[in-house]
Structures are given as structure tokens and as C-alpha cells.
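Trainee: In numbering that gives the first Met the number 0, the protein residues as written are 0 to 307.
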Amino acid sequence: MLIAVIAPELVVGFAARQFLAAWKFSKEFGISWTHGYFISMGGFVTAAGGHPVVTQKQVHEHISAIKAVPEEAIEDKSKGDVLSKGIALLQGVWFVTQYVARAAQRLPATELEVATLAFAVLNAFIWVLWWGKPLDVREPIAIGPGADSVFGPKALTRRWTDGFIALVKGDYIDYYPLLSTSVPPFWSMVSDHDHHKIPVITELCVGSVFGAIHCAAWNADFPSVYEMWMWRSSAVVVTAIPQLLLLLGTLGTIIGMSTRNPNVLRFVAPLHRSTLLLFLIIIPFGTLRALPPGALVTVVWSIYFPHL
0 MLIAVIAPEL
10 VVGFAARQFL
20 AAWKFSKEFG
30 ISWTHGYFIS
40 MGGFVTAAGG
50 HPVVTQKQVH
60 EHISAIKAVP
70 EEAIEDKSKG
80 DVLSKGIALL
90 QGVWFVTQYV
100 ARAAQRLPAT
110 ELEVATLAFA
120 VLNAFIWVLW
130 WGKPLDVREP
140 IAIGPGADSV
150 FGPKALTRRW
160 TDGFIALVKG
170 DYIDYYPLLS
180 TSVPPFWSMV
190 SDHDHHKIPV
200 ITELCVGSVF
210 GAIHCAAWNA
220 DFPSVYEMWM
230 WRSSAVVVTA
240 IPQLLLLLGT
250 LGTIIGMSTR
260 NPNVLRFVAP
270 LHRSTLLLFL
280 IIIPFGTLRA
290 LPPGALVTVV
300 WSIYFPHL
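(1) What residue range does the beta strand (DSSP E) around Ala141 cover?
(2) Could you please give the first and the last residue of the uninterrupted alpha helix (DSSP H) stretch that includes Phe284?
(3) Within the same chain, show all residues whose beta-carbon is closer than 7 Å to that of Phe118, passing over the 5 residues directly before and after it, in chain order.
(4) Output the distance between the C-alpha atoms of Glu202 and Leu243, rounded to the nearest integer angstrom.
(5) On the criterion of 16 or more Cβ atoms from any shown chain inside 10 Å, does Trp300 qualify as buried, or is it exposed?
(6) Between Ile62 and Phe37, which are expected to be in contact by the criterion C-beta below 8 Å, what is the C-beta distance as a whole number of angstroms?
(7) With which residues is Phe43 paired in a DSSP beta bridge?
(8) Once the 5 residues before and after Phe24 are set aside, which same chain residues still bring their CB inside 6 Å of it?
(9) Return the chain-ordered ranges of every beta strand (DSSP E) run that is complete within the stretch 104-143 and spans a minimum of 3 residues.
(10) Would DSSP call Pro305 helix, strand or coil?
(11) My output table needs one value for Pro222: the three-state DSSP class, helix, strand or coil.
(12) Going along the chain, which residues of its own chain have a beta-carbon closer than 8 Å to the beta-carbon of Gly285, five neighbours each way excluded?
(13) Looking only at DSSP bridge pairs, what is Glu51 linked to?
(14) Please report how far the alpha carbon of Ala294 lies from the alpha carbon of Arg105, in whole angstroms.
(15) With DSSP run on the structure shown, which of helix, strand or coil describes Gly251?
(16) Compare the C-alpha of Lys76 against each of Glu138, Arg16, Lys56, Val224 and name the closest.
(17) Under DSSP, the alpha helix (DSSP H) around Val10 begins and ends at which residues?
(18) Rounded C-beta distance between Val235 and Ala141? I'm assuming under 8 Å.
(19) Residue range of the alpha helix (DSSP H) that Ala342 falls in?
(20) Going by other Cβ atoms of all chains shown within 10 Å of its Cβ, with 16 needed for buried, is Leu9 buried or exposed?
(21) With DSSP run on the structure shown, which of helix, strand or coil describes Asp80?
(22) Could you check how far apart the C-beta atoms of Leu111 and Pro283 are, in whole angstroms? I think they sit under 8 Å.
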């Protein structure tokens, strides 16, 4: 998914919104987290019409039918279980361990390794937020009268820009579940103002962490001075912009200005995305043409584990 490459912190924000939605459904209606995630995904649909059951009002109307669906039935539809999630998590932990060991032995890390480390850290946030979420579900579960009906996977026809803006803002203003047979990409339940702020703050803070990790290669060897300064400036900009947005949002709240002003988004987001694309894709792969000799040296694990 292209957005996960050029704007990974937005995916973290989306995961945080689904996490809060699942928590809210679970707490309010006394259902499992798995049920809560499945609701926020649009996994339950009405047997009559196939409309997603995603709003609090809809869930309240169908709560008995939702509780009647065993948690195992939902998990059976998921393509990801504890084993697969655990393996993915261990792979990330192993990569981070290798990076730390190389730093401890003063072995140089390539810019591509630093970029991969940044993605691994962000993936850890996503793994935690989505640990109980059913993954890659292809068919919804029909509830209500005529619940034996089967509805195959369907998608709404929308412009990709709508999905991008919704991913940033957290909602589709013009989406009505009772007039649709699926949820839009990156859709999540519209939450109250306090709950809306949590994913946004998480998204901005994680975005700064993502950029700050790239600063670890500040003194790395680059094939040219031009690439070195492009890397440094990109890392600083990507680290600073989320904090600038957080500051603007805080000031906007204090003076009573809307923090969802699309004009600010249209100005800042393209700059942020372009910088991400520049140093995440072009520079790390470009530096592979002239690696320092130490980049090819492997970690000596016997220093830490003598009997290996």
C-alpha cells in the first residue's frame, strides 16, 4: 500500500482510531475486543440489504444478534492468528536487535537499515494497536432477519484523494451506512472531540519519532555531500512538521479555531509527503552504490554469547 510507504504515521493514526472504536464498543455494549474491531471494520452487515452495522445507534439495535456471534467465528475469518502476528513481531525485534548490536560494536549502519528501523518501530505501534483485530477478512457476517444470507466483499467507488483526506482527518463526512453496502477505505467511526484528539496526537508524535530515527544516520558515510545534506535536511523537516502541526492545533484550540481546517492540511501535507518520499525511497537506495567497508561486516555474536 503506497500510503504506508510515504505516510506510515497516518496508518498508525488510523490504527489508533480503530483501537479506540473497538474499546468504546467493547466497554459500552459488553462485547469482546474482537467484536469491537469487527464492528469498526464494517464486518457486521444487516441481512436485509447488506448495510454495514457501524454506528452506535445501529449497534444498539443489533446488539443481541452481535453477541450471538461467537468470537471464534470472527477469528476464523481472520487471515492472521497469534502465531503469524508473533512471527512478524519477532522478525521486527530481531532486526532491531541486530541494529543495536552493530551500533554497540561500532559497525556502520547503512541509510537503508536506518530507514528500515524507522518502519520497524512504526510497525510495532501498529502491531500493538491491531493485536486483537481480525486481519484481511474477505466476507462480512450477516446479522438480523435472514442471517443465513452471504454478502461477498464489496468496495465503494471513490477517488483516492477522498481516502487520503479521510485517513488524515479520521472520518468521511458524506458517508451513510444505511445507503451503502460497505465501508470506505480507512473509515472509522466518528468519535467525540476528546477521543478524536488522541489518534491525532498519536499520529503526530509517531511521525516525529519516525523522522528522528533517521537522524541516527546524521554522521553516516554518504556517496556525496549533496546526498548527505539532503538526508539531514529531510530528517529535520520530517521530524519538525508533526510538532509544528501539534503546536498549531494546540494554539487553535486555545483561541477557538478549528483544528480540522483543510487549508492548513493542503499546505503542510504535500510538503511532508514529498520529503518523506525523497529520503525514504531515493536516498537510501542511492547510497547502496558506495557502501563503507564496515557495512559488510557482520555482528560478532560470540562477544555476547561465548558458546555460540
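Cβ atoms here follow ideal geometry from the backbone N, Cα and C, with glycine treated the same way.
Nothing here was measured: the structure is a model prediction, and the numbers come from that model.
Mentor: With the given structure in hand:
(1) 140-142
(2) 282-285
(3) Pro7
(4) 13 Å
(5) exposed
(6) Their Cβ separation, rounded to whole angstroms, is 13 Å, which puts Ile62 and Phe37 out of contact at 8 Å.
(7) Ile140
(8) The beta carbon of Phe24 lies closer than 6 Å to those of Gly35, Ile38 in the same chain, with the five residues before and after it left out.
(9) If one requires a minimum length of 3 residues, the beta strand (DSSP E) runs lying completely within the stretch 104-143 are 140-142, in chain order.
(10) coil
(11) Pro222: coil per DSSP, three-state reduction.
(12) Pro222, Glu226
(13) This sequence places Pro at residue 51; Glu is not what is there. Answer is Val44.
(14) 10 Å
(15) helix
(16) Selected option, being the one with the closest Cα: Glu138.
(17) 7-28
(18) Between the beta-carbon of Val235 and that of Ala141 there is about 51 Å, and that puts the pair past the 8 Å contact cut.
(19) For residue 342 there is no data in the structure shown, the boundaries of the chain being 0 and 307.
(20) Classification for Leu9: buried.
(21) coil
(22) 4 Å
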